[in-house]
Amino acid sequence: MARLADYFVLVGFDHDKRGSGDGQGRIIQRFPEKEWEDNPFPEGIQLFCQPGGWQLVLERKSPNFLVAVLTDINSERHSCACFTFWEAVESLQPQQNHANVTEEEDSKFIQAPQLFAPKSLVLVSQLDHTEVFRNCLGLIYTIYIDCLDFPLETVIGNLLTCIVPITGGSQRTISLGAGDRQVIQTPINDALPVTGCSVALFLKQLGINNVLDLFCAALTEHKILFLSSSYQRLTEACRALLSLMFPLKYSFTYIPILPAQLIEVLCSPTPFIIGIHSSFRADMQDLLDVIVADLDGGTVVIPECIHISVLPEPYLYQTQTALCMVLDPELEYADYAFPPSSMSASSMKFQDKEIRAVFLHLFAQLFQGYRWSLQIIRVHPEPVIRFHKVAFLAQRILLDDDFLIKVLDGMAFAGFVSERGSPYRACDLFDELVANDIERIRSEEGNPQKVLKHIKEISEKLHRNENPYPAVAMHKIQKPTEGSHLRLQRSTFPQLDEGMVQWFIDQASAKLKNVPPAVKVEMKCIVPMGHPTALIDRNGIILANSARRLEVVRNCITYIFENKLLEAKKLLPAMLRALKGRAARQCLTQELNLHVLQNRAVLDHQQFDYVVRMMNCALQDCTPLDEHLVAATLLPLVTAFCRKLGSGVTQFAYSCVQEHLVWTNLQFWEAMFYNDVQNHIRALYLEMECDHLTETGSVNGEREQKSALGVAAEQLRLWPTYSKEKQQELIDKEESTVYSQAIHYGNRLTYLLLPLDTSKNRLLRSTAIGDMESVSNSFVTNSIAGSVAESYDTESGFEDAETSDVANSVVRFINRFVDKVCTESGVSSDHLKALHANLPDIVQMHIETLDAVHRESKRLPPIQKPKLLRPSLLIGEDLVMEGLRVFMEPDGREESMGGSVGGPSILPAEGAIFLTTYRIIFKGVPTETLAGEQTVIRSFPVASFTKDKKISPHLRAEQEPQDRLQLRSSTFQLMKIAFDEEVGSEMVELFRKHIHKLRYPQYVHSSFAFTVGQSVKQVMEPKQKEKNPSLRTMSKNIMKNAKKTIGRQYVTRKKFTPPTLDQRGIPAHGDNLDQISVSDEMEQSALTLSSTIRSSDKSTMSHMIERACCRDYQRLGLGTLSNSLTRSKNEPFRITTVNRMYGVCRSYPSLLIIPQTIQDSTMQRISRCYRQNRFPVVCWKNSRSKSVLLRSAGLHGKSVVGFFKSQNAPTAGPSQTDSTSLEQEKYLQAVINSMPHYADTGGRNTLSGFTSAHMHSSDSSDKQRQPKIGVLIKQVMGGKEDVPSTFSRGGKWGSIRGSGRLSAYSLNADVGIRLAGKETLSLQANGGPSDSHYFRQQRVGLYIIGDKSQLKGAKQDPLQQWEVVPIEIFDVRQVKNSFKKLMKACVPSSACTESNTSYYHSLEESDWLSQLHKLLQVSVLVVELLDNGSSVLISLEDGWDVTTQVVSLVQLLSDQHYRTLEGFRLLIEKEWLSFGHRFSHRGAQTMASQSSGFTPVFLQFLDCVHQIHLQFPMEFEFSQYYLKFLAYHYVSNRFRTFLLDSDHERIELGLMYEEKGEKKSQHIYKSVWDYIDRLSKKTPIFFNYLYAPEDGEVLRPYGNISNLKVWDYYTHETLSEGPPYDWELVYGRREQVDDGERMDTMAPQTHRKIVWPCYDNQNKTEPDAISKLLEEMQMLECELGQVPGKWKETWDKIKTTQRTESMQEGKHLSSSSLLISSSLSHHRRSQCVYLHEAAVGSTLNLSLDTDSSTTSTPSSGIMGRKSTSTLYSQFQTSESEHRSYEGILYKRGALLKAWKSRWFVLDKTKHQLRYYDSKSDVDMKGIVDLAEVESVTLGTVAMGAPKNIEEKAFFDLKTTKRVYNFCAQDCQSAQQWIDKIQSCLSDA
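For the sequence shown, the working numbering assigns the number 2128 to the last residue and increments by one with no breaks.
Encoded structure:
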């Protein structure tokens, strides 16, 4: 029984505080005035009467009613029912300020508006009867407003003295003495919430998904705020949300109606459920962590920073489906043709209970079996219950479910356990569901109708609880008359007689004293346990593990204990893999338990090692919660298994499994302690029962099956029947049990916390303690555990190494544990003090025991660590540091992980890291036992090392090494190494210092390329330069002689004599290596060389001539040194020696190409205009168009204007600046005049010099050609045109575009090539009329590619004959940053977990491909300009980075000579080495350049070549491996080739010509080119078998990013043998195989060869077919005793032999001996069947490019070549060729080329005419596709034709591209050729 109302309060407007802003309320009267003892009066009630604030209004409002909820200091909630009405306020304004106003002003107050003030009738109660409160307060208001004849004091007195029942389901009729009658219905069980219709209304307002979001948010302790314009709706919504959480109770801030004055409560850091009026919505903007639910709008807003954990599946879907069926039952039948007529939604009251039934059903599923995870610690005097969270989650297979873990950790569940954990209490509907209906719920899953039926049954019980009686007596309540609140009231609410009301209260109290107190009858019973939860996963499927794995575990353990250790060793790897599964770990503990006898199991050493290893394996690689379960089952075993170390010394397993964080987790020990206490308490009472029972064995069996909670429930039921002595005896026994367990666990903690070597602290780390709260087993003690962890971490983190400190730390930790568990378990203070006193002694005793164990364990043979494998070293490579034992850890590369790409995990591996003078090498074996026989090698050159950093240790590891390093290399290698314990920190630091010392030597000649073969001590000496006197002397003499030579330069006047051939071969000797004696004439126009020049000077000149530059200049026709020195006038260019002493430009070579007309004397002045004095020089000449390619640095800022100044512009005076600019212009004009077709016009020239032989054969083709360059220029300058032309003259594109693309260019046919877009002149330079065919649009003679930022603001002079193309290009800083990002993308340090760190995202972020795209784009533009007859000057940056890249790419694309092995070497020597690319500076090769960082400009160039090679695989003689080899060794410093920054520096150090006089070592190569030459003779590893060049082919690759591929050099690695670029270390091993082994290798292999993609070198293991055949031939020759021939000779011989046999047999090749590529287009990319070279592997690539089309039709008169596969020329053998006709013909070459005799073959089969140098030649020189032939006609005698040939022997072959001129030996042969060709054409 309870009071219906505790207090009645009258609250009104406080007129005294009216002027201070918002009004306030005040309590006018309160009844009773004296507070109840059991229920104090709540403060601040006036705030909740008017939540929006106390305000006066102009109109009388209708009375309103609301119920607020107040929470007192004891967390008890009180209902505060407020009935508010408005009363008129007497106007006080006319009396105000009366003395200060006139009468006229005073009259203004007469008509003042009438104001109304609110007044509230408030009822405070502990009960929640909203409608009863509404009726009672309404009755009081009715008596007042209608002036009824009932005294208000009587009514209020009756109200305050009304006593009503709380529960039991009874009805109580009450009356307040005003002719009223009300019936109060109590619920049958007050534990169940009473909701009426509030839940149904809640769902109606917000919808299913929003309500589920709020439900999950409330359970996971988020802040929830309701908004509504109705206060009562706020109360109803908050009540509904709380009722949905049943059986959990909300324990945080709960304010359904929040007053405006308390709005700052919303900033509270704790969770809450609060309601506030929607008029305050604007104040909600700053709440970033509050979920806002708008009841009126039906929306729920969840901030972005909040993540709500949702219900796990399938519960979420099942709940949504059930709610849909309840709220909209017609939904299921909406699509039926004949829906049932009776289907309709239930009424709001029934629907309300059905919704609650759905959530009750959900909780029964979530908490099923929860009672089996309760731990009872004490039964008497009060039960103490704990919940074992980990055990519960493990049963449900929900260890990783975020929602359930948060719910179990929450305060609501803590209250649930404390309230419902008791095994003997009153039960309710939820207990019945969890205990009895779980099986039914499982069986009904998936059947909506059965689920709905079950829900309706639950809802009926809920409805019956609220409404136990169907018929309710009629209420009788007087209500005010309609509109009564608008009537004028004579008076305000009357002042009540307090004495009369108090008299009623006193009378009632007196009556209650005489009545015996009502005892609430609690129907206590034993709470049913329900069925234990089966192991089910989220889908309800029974978890079945592999029986085979469990069998492996059992068998392995059996073998160990039967001492069959060999069998156990075989099974151990499989067992360790199986232990990653939960079932296998459980099986392990069960099997080990079988071998424990009397808590002890003594093993021998090998058995002990195996058991410990299995225990460690079971404890690692699992989640923290999983680890708790495994550790719980292993804890008894680690103190049972042991081995004898000596007399009286025993080592237990716990000393070997301490390296796991679980042992430092306080919550784990609590759970274990409470579990053991529960078992002992259960055993205690079972023994007591056994003493008193005399039943049969069956009863005893039943007794044994009783759970601990069941035993405790029985004891609680019997407790009142025991005597006090008996009760005290039971309490003492329980307390003793807990105390004994505390002592036992003090020992256990000591065992597992004290390390075997107490001088080291390896166990308790701060990282371990930091995880305490996250894996807590207890919701009650989270905050306690957190504080313990924090204090422990800061005070006793085992930071000191002294034994006493370790002991004290362990004691402090155990003391905290003991304090906590003993306090919760009710251990007496005396016992607790005794325990604290004993703990230090226990720890000290154990330390003494461990000392003996540790001492004996050291005498055991050491653990067999893998033997350190020594790496193979190059000749001359020496060890700097012996191997340090390390673990190689996996990084983010897929290959290192193993299993994902095939084979077991290769990493982590255990081995050693070695530092040599050349490399950093790791060599070891995988820790994965299945891969243990393999060898893991990872290495990179020290010179490529870029960064090292210490990395933090893993939190979980079997053994925790001391130091971890991460080493990065610019060869795209990464080493993550963890040093073994035996390696001290000082050794690690020494290792790092040695690396840095080797990586950044003080001088470049201290690098490996110079010190190879010297001792390590010499290498480490800081003053290495003094160790090499010859180099030092040489450099001094060179510079001294240079000064002498420069001094006598103008004295000697002798005629130059070119060196003879025998002089060129004279080697250089002595110190006078570079004494050059040359002089100038008076006008310095003719250089001569002294006829009496000394031999050393002559040899120096020989060196000059033999340099790469000079050889290439002679090949290109740019002149020879002799012609240049004699100033031959018939050549436009000459070689100048003006820079022979590097006086003009130190970074240029000594010999340069300049125009013939330019004097050497002007070069010094011209060079000053350019950065680094790098003035324009010619580096390549187009043999067809005669245009030249020039290179220079960018202009100095002051010289930019010189480019745009007209040569005819008047000048103020001959200043030095003007003269320099004038000479600069003359220089550029001389370049333009050097081209024949520009020089002819004598000034303003156009492309009229081009004859039709140079141009296309038709106007349309030429017009088609012009916009092509315009488009390219727009692309390079940042325009939007990005579609290249489809066809071009004499070149090939990376792929063929569709013919439809050509229309885009034909529209722009009138657009000239000039960038300004101006109309070009239509007249000739001399004013003559233009010819429509002969004269074209004006073209510029010289294009200057410059930096856009440098040329900003400059204007073009229309009269100049050169034009500047300003482009935006990246600088070296961007290259450096891009490379860093590329390395992190291709070689990540760890596996990516987020999308923004994925491989493709990181690759895009690096911009590496964008930079390649820009380089290729600019290069193709330059190629087009050169091909069209315009010269190009590349003038970018300092002229040694991007300029070198572009110039090299242009030459590679334009000249097929540079695509050979010899030519590519020449290109690099000329453009990169001689022209001064700063290899040392960009590669940070010395200490001086260390700060500049690594910038891979040369690597970027090689990547571009790689991209071109992919698009044109048949145009390159060298393979992809060749490019990777150069990419690796240009940073390796193994060779001297790529050291230093210029020829000048190399001469100073004596590197340029040192090989001339030295005897080369057979094994140590100083030049990479010599090494490549030697290796090429030995193996075809650098050769491309697809090499089949076409004469004069110009390549035009596609540079779009979609066409570019990531170079596999960046991503591929070979763990079996390291990088494959030191050939002797990888491929050279095969040469060491003896004859016997060779015989074995030739024998047929019966077993399969296993190739692991992540491990093996596939190119070596599975070479391509040709390499394999060549290798087998050499092996066969060796077996026959013959000297094996060179592979190239064998290759050429085979092709020649096949061709001869083909001619003899005249039959086709069989399919097995041909490489056929059907319809292979000339671009060799759209459909490509090719064999990769030896370094790439045997691959069949049939990928179709998306933008290519082999069936596209050419248009606008330009025919695309439809040639058949040129693969025939490379691979087809002669025996299969169908040679229809063959013979000798003279063929006239391209322009200015002579007639040459060729061997022609007419092939009807392939429809082509091929020609060779001779009949025996196997390499085809060219091909004419007969599909392109238009006509065959007799020709005329041409100039330069062979003599004595008659005129009719000439004939012409006209194709769509050009006209071929042929000459036969006589007229008959010519006619025969014509007939044969025409026959082929007609047959086609």
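Yeah, the Cβ is synthetic: ideal placement off N, Cα and C, and Gly gets one too. Fair warning: this is a prediction, and the values are worked out from it, not measured in the lab.
Open item on the list: If you follow the alpha helix (DSSP H) that K1904 is in, where does it begin and where does it stop?
Closed with: Within the sequence shown, residue 1904 is the residue found at index 1660, counting from 1. Here the alpha helix (DSSP H) through K1904 covers 1902-1905.
TODO: Taking 8 Å as the threshold, find out whether the region 310-325 comes into contact with the region 355-369 through three or more Cβ pairs.
DONE: yes
- [ ] Return helix, strand or coil for E1177, following the three-state DSSP convention.
- [x] Here residue 1177 refers to the residue found at position 933 of the sequence shown. In the three-state scheme derived from DSSP, where H, G and I count as helix and E and B as strand, E1177 is classed as coil.
TODO: Assign F582 to buried or exposed, taking buried as 16 or more other Cβ atoms, counted over all protein chains shown, within 10 Å of its Cβ.
DONE: The count along the sequence shown starts at 1 and reaches residue 582 at position 338. Per the 10 Å Cβ criterion, exposed.
TODO: In angstroms with no decimal places, state the Cα-to-Cα distance between I1310 and M1385.
DONE: Position 1066 of the sequence shown holds residue 1310. Position 1141 of the sequence shown holds residue 1385. Annotation note: pLDDT 36 at I1310 (below 50); position unreliable, coordinate value reported separately. I1310 and M1385: Cα-Cα distance of roughly 22 Å.
TODO: Could you please give the first and the last residue of the uninterrupted alpha helix (DSSP H) stretch that includes H521?
DONE: Taking the sequence shown and counting its residues from 1, one reaches residue 521 at position 277. No alpha helix (DSSP H) holds H521; the beta strand (DSSP E) holding it covers 516-521.
Task: Spatially closest choice to P556 from I621, D644, H521, V545, by CA coordinates - done: For the purposes of this step, residue 556 is identified with residue 312 of the sequence shown, where counting begins at 1. Selected option, being the one with the closest Cα: D644.
Task: Neighbourhood of V901 by C-beta, 7 Å cutoff - its chain only, sequence neighbours within 5 removed - done: By one-based count along the sequence shown, residue 901 stands at place 657. Excluding residues within five positions, the ones whose Cβ falls inside 7 Å are V856, M859, N860, L863, V882.
- [ ] Could you tell me if C482 is buried or exposed, where buried requires 16 or more neighbouring beta carbons within 10 angstroms of its beta carbon?
- [x] Translated into positions along the sequence shown, residue 482 becomes position 238. The residue is buried, with at least 16 neighbouring Cβ atoms inside 10 Å.
Task: Where M489 sits in the DSSP three-state scheme - done: The residue given as residue 489 occupies position 245 in the sequence shown. Coil at M489, not helix or strand.
- [ ] Could you give the DSSP three-state label for N837: helix, strand or coil?
- [x] For the purposes of this step, residue 837 is taken as the residue at position 593 of the sequence shown. If DSSP states are grouped into helix, strand and coil, N837 belongs with the helices.
- [ ] Look up W1813 in the DSSP assignment and say whether it is helix, strand or coil.
- [x] For the purposes of this step, residue 1813 is identified with residue 1569 of the sequence shown, where counting begins at 1. Three-state result, W1813: helix.
Open item on the list: Excluding the 5 residues flanking P284 on each side, which residues of the same chain have their C-beta closer than 8 Å to its C-beta?
Closed with: Locating residue 284 in the sequence shown gives position 40, counting from the first residue. Correct list, in chain order: D316.
Open item on the list: Using only the alpha-carbon positions, how far apart do A2108 and K2031 sit?
Closed with: As a first step, residue 2108 is located in the sequence shown; it is residue number 1864 there, counting from the start. As a first step, residue 2031 is located in the sequence shown; it is residue number 1787 there, counting from the start. About 9 Å.
- [ ] Give the DSSP-derived three-state secondary structure of Q2052 in the structure shown.
- [x] If you number the sequence shown from 1, residue 2052 lands on position 1808. In the three-state reduction of the DSSP assignment, Q2052 falls in the strand class.
Open item on the list: Along the chain, where does the beta strand (DSSP E) containing C1423 start, and where does it finish?
Closed with: Within the sequence shown, the letter at position 1179 stands for residue 1423. Residues 1421-1425.
Open item on the list: What would DSSP say about I1791, mapped onto helix, strand or coil?
Closed with: Taking the sequence shown and counting its residues from 1, the one referred to as residue 1791 is at position 1547. Correct three-state label for I1791: helix.
TODO: Could you say if the region 1828-1836 and the region 1121-1135 meet the contact criterion of at least three C-beta pairs nearer than 8 Å?
DONE: Output reads no: the region 1121-1135 does not touch the region 1828-1836.
TODO: Could you tell me the boundaries of the alpha helix (DSSP H) in which Q1755 lies?
DONE: Numbered from its first residue, the sequence shown carries residue 1755 at position 1511. First-last of the alpha helix (DSSP H) with Q1755: 1741-1755.
TODO: Tell me whether D1699 is buried or exposed, calling it buried when 16 or more other Cβ atoms sit within 10 Å of its Cβ.
DONE: The count along the sequence shown starts at 1 and reaches residue 1699 at position 1455. Classification for D1699: buried.
Open item on the list: Only counting the same chain, and skipping five residues up and downstream in sequence, which positions put a Cβ closer than 7 Å to that of L1711?
Closed with: As a working mapping, residue 1711 is identified with position 1467 in the sequence shown. So the list reads S1692, Q1695, L1696, Y1702, once near-sequence residues are dropped.
- [ ] Report buried or exposed for T563, applying the criterion of at least 16 other Cβ atoms within 10 angstroms of its Cβ.
- [x] In the sequence shown, the residue the question calls residue 563 occupies position 319. Answer is buried; the Cβ neighbour count reaches 16.
- [ ] Mind reading off the beta-carbon distance from K977 to L928? Whole number of angstroms is fine, and I expect it under 8 Å.
- [x] Looking up residue 977 in the sequence shown gives position 733. Looking up residue 928 in the sequence shown gives position 684. Confirmed, about 6 Å.
Open item on the list: Check for me: the alpha helix (DSSP H) holding W1867 runs from which residue to which?
Closed with: Position 1623 of the sequence shown, counted from the start, is the residue given in the question as residue 1867. 1867-1870 is the span of the alpha helix (DSSP H), which, as asked, contains W1867.
TODO: Verify whether the separation of the beta carbon atoms of P724 and D390 is less than 8 Å.
DONE: As a first step, residue 724 is located in the sequence shown; it is residue number 480 there, counting from the start. As a first step, residue 390 is located in the sequence shown; it is residue number 146 there, counting from the start. D390 is positioned such that its CB atom lies closer than 8 Å to that of P724.
Task: Limits of the unbroken beta strand (DSSP E) element including M1125 - done: Position 881 of the sequence shown, counting from 1, holds the residue named residue 1125. Here the beta strand (DSSP E) through M1125 covers 1123-1133.
Open item on the list: Determine whether the beta carbon atoms of R792 and V846 lie at a separation below 8 Å.
Closed with: Position 548 of the sequence shown, counted from the first residue, corresponds to residue 792. Position 602 of the sequence shown, counted from the first residue, corresponds to residue 846. No, Cβ-Cβ distance for R792 and V846 is not below 8 Å.
Task: Y580 burial status per 10 Å Cβ neighbour count (16 or more: buried) - done: Position 336 of the sequence shown, counted from the start, is the residue given in the question as residue 580. Per the 10 Å Cβ criterion, exposed.
Open item on the list: Among the candidates T908, V399, Q1926, L1746, whose CA atom is the shortest distance from the CA of Q1655?
Closed with: Here the question's residue 1655 lines up with position 1411 in the sequence shown. Comparing Cα-Cα distances from Q1655 to each of T908, V399, Q1926, L1746, the minimum goes to L1746.
Task: Neighbourhood of S703 by C-beta, 6 Å cutoff - its chain only, sequence neighbours within 5 removed - done: For the purposes of this step, residue 703 is taken as residue 459 along the sequence shown, with counting starting at 1. Closer than 6 Å at the Cβ level, and outside the excluded window around S703, lie K597, E598, A601.
- [ ] Closer than 8 Å by C-beta to E1915: which residues in its own chain qualify, once you throw out the five before and the five after it? Chain order, please.
- [x] Here residue 1915 refers to the residue found at position 1671 when the sequence shown is read from its first residue. Around E1915: P1907.
- [ ] List the whole-angstrom C-beta distance separating V628 from G1070, where the pair is believed to meet the contact cut-off of C-beta under 8 Å.
- [x] In the sequence shown, counting from the first residue as 1, residue 628 sits at position 384. In the sequence shown, counting from the first residue as 1, residue 1070 sits at position 826. Confirmed, Cβ separation roughly 7 Å.
Open item on the list: Taking its Cβ as the centre, do 16 or more other Cβ atoms sit within 10 Å of S1532, making it buried, or is it exposed?
Closed with: Taking the first residue of the sequence shown as position 1, residue 1532 is located at position 1288. Here the model assigns S1532 a pLDDT of 40, short of 50, so the residue's position is not dependable and the matter cannot be decided.
Open item on the list: With three or more C-beta pairs closer than 8 Å as the rule, is the region 1237-1247 touching the region 1728-1740?
Closed with: yes
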